[in-house]
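These notes concern the structure reproduced below.
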Amino acid sequence: MTTLPPTGLDIPALAAELGGTGAPVLWEELDWPSVLDVVGALRAAVVPVGAIEQHGPHLPLNVDTEIDTAVAHAVSAITGIPVLPPVAVGVSGSHGDFPGTLTYRPETLVAVMEDLTDSLYRSGVRQFVFLSGHIWNSGALDVAIEKLRTRYDDVRARSIGYVTMYPGPEVDGHVRYGRALMHANYFETSVMLHLRPELVRMDRAVSHRDVDSFWDYRMDQVSDSGVWGNDVTEADAEHGRAEFDRCVERTARALAAAVREPEPERTR
Numbered sequence: 043m044t045t046l047p048p049t050g051l052d053i054p055a056l057a058a059e060l061g062g063t064g065a066p067v068l069w070e071e072l073d074w075p076s077v078l079d080v081v082g083a084l085r086a087a088v089v090p091v092g093a094i095e096q097h098g099p100h101l102p103l104n105v106d107t108e109i110d111t112a113v114a115h116a117v118s119a120i121t122g123i124p125v126l127p128p129v130a131v132g133v134s135g136s137h138g139d140f141p142g143t144l145t146y147r148p149e150t151l152v153a154v155m156e157d158l159t160d161s162l163y164r165s166g167v168r169q170f171v172f173l174s175g176h177i178w179n180s181g182a183l184d185v186a187i188e189k190l191r192t193r194y195d196d197v198r199a200r201s202i203g204y205v206t207m208y209p210g211p212e213v214d215g216h217v218r219y220g221r222a223l224m225h226a227n228y229f230e231t232s233v234m235l236h237l238r239p240e241l242v243r244m245d246r247a248v249s250h251r252d253v254d255s256f257w258d259y260r261m262d263q264v265s266d267s268g269v270w271g272n273d274v275t276e277a278d279a280e281h282g283r284a285e286f287d288r289c290v291e292r293t294a295r296a297l298a299a300a301v302r303e304p305e306p307e308r309t310r
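For the sequence shown, this note's numbering assigns the number 43 to the initial residue and increments by one for each residue that follows.
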């Protein structure tokens with residue numbers, strides 16, 4: 043049984059309210075008769091999509107996958123919605139020549155998501171949530187959602203990020219501009235100090251001032267450290283716990299309502 047990530051939330055109470063059991067429903071740990079029962083309840087599944095890419099000299103390559111999967115497991119425990127194994131590699135070519143980064147082409151990630159959702163459809167899933175931990179996955183995931191919605195007449199699908207369900211201004215990333223460009227910053231470092239402190243090297247932490255930019259650049263064009271953000275050395279686990287808990291609760295409440303949302307009346 044998978045151990046839930048550390049959290050200050052009252053998981054049993056939230057699960058009692060929102061339909062879960064307090065333990066995540068992991069797709070890969072089910073047997074096939076159990077799949078029928080689990081899918082039959084809500085006909086829904088969450089697919090976490092992360093990234094393996096450089097996160098500065100102080101954070102591991104798996105930050106986006108680690109945080110995204112932790113949120114997905116906690117949301118599953120609260121809501122009862124099954125969660126797939128993470129798609130750990132994402133669209134990360136924009137990190138340029140920093141060593142360690144793994145990447146799919148956008149077209150490859152679209153194809154991966156098509157194959158996964160076709161498999162889930164054959165198992166009875168009709169409500170699909172892509173939960174992304176990496177902003178540059180968004181284009182490919184949006185294309186995959188569009189293809190999924192037009193391929194089948196009886197599905198509902200949406201791609202979100204693990205912070206999508208609460209307003210951007212509430213995210214305390216020490217970002218000074220509206221676009222909130224950030225990477226390996228105060229926010230991500232704080233959350234990793236909460237979730238996986240043994241993987242964080244704060245003795246190597248550096249900041250890189252954020253700027254107000256219309257254009258998007260490769261990370262190696264704008265930062266020699268791979269970091270984009272202020273006050274990284276001030277990151278702390280308590281702040282990370284608060285941000286993680288808010289991601290989990292807001293996402294859980296949104297998805298618990300979404301999978302029970304009435305179908306709109308058809309006009310034709």
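Idealized CB from N, CA, C, for every residue including glycine.
Next item on the list: Name the residue from P99, H236, V129 whose alpha carbon lies nearest to the alpha carbon of T111.
Entry: As a working mapping, residue 111 is identified with position 69 in the sequence shown. Checking every option, the nearest Cα to that of T111 belongs to V129.
Item checked: Span separating the alpha-carbon of R85 from that of S180 -> Here residue 85 is taken as the residue at index 43 of the sequence shown, counted from 1. Here residue 180 is taken as the residue at index 138 of the sequence shown, counted from 1. Spanning the two alpha carbons is a distance of roughly 24 Å.
Check: Looking at C-alpha atoms only, which residue of W257, G61, D252 is the closest neighbour of W270?
Finding: By 1-based counting over the sequence shown, the position of residue 270 is 228. Measuring from the Cα of W270, the nearest candidate turns out to be D252.
Checklist line | Outcome for Q169 when other beta-carbon atoms lying within 10 angstroms are tallied against a minimum of 16 | finding: Taking the first residue of the sequence shown as position 1, residue 169 is located at position 127. Q169 comes out buried.
Notebook entry, point to check: Between D139 and the rest of its own chain, which residues show a CB-CB distance below 6 Å, the 5 nearest in sequence each way excluded?
Noted result: For the purposes of this step, residue 139 is taken as the residue at position 97 of the sequence shown. Closer than 6 Å at Cβ, skipping near neighbours: D262.
Note to self: Let me make sure I understand the geometry here. Which of F286, V167, R238, S249 has the alpha-carbon closest to that of E319?
What the structure shows: Limits of the chain in this structure are 43 at one end and 310 at the other, which puts residue 319 out of reach.
Check: Among L101, L144, L151, G175, which residue has its Cα nearest to the Cα of H290?
Finding: If you number the sequence shown from 1, residue 290 lands on position 248. Per the sequence presented here, residue 290 reads as Val, with His not at that position. Among L101, L144, L151, G175, the Cα nearest to that of V290 belongs to G175.
Notebook entry, point to check: Are there three or more Cβ pairs, one per stretch, closer than 8 Å when the region 176-195 is compared with the region 90-108?
Noted result: yes
Check: Which residues in the same chain have their Cβ closer than 6 Å to the Cβ of V301, if we skip the five residues on either side of it in sequence?
Finding: As a first step, residue 301 is located in the sequence shown; it is residue number 259 there, counting from the start. Taken in chain order, the residues that qualify are L84, A86, Q169.
Item checked: Buried or exposed (CB count within 10 angstroms, at least 16 for buried), Y228 -> As a position in the sequence shown, residue 228 is number 186, starting the count at 1. Buried is the call here.
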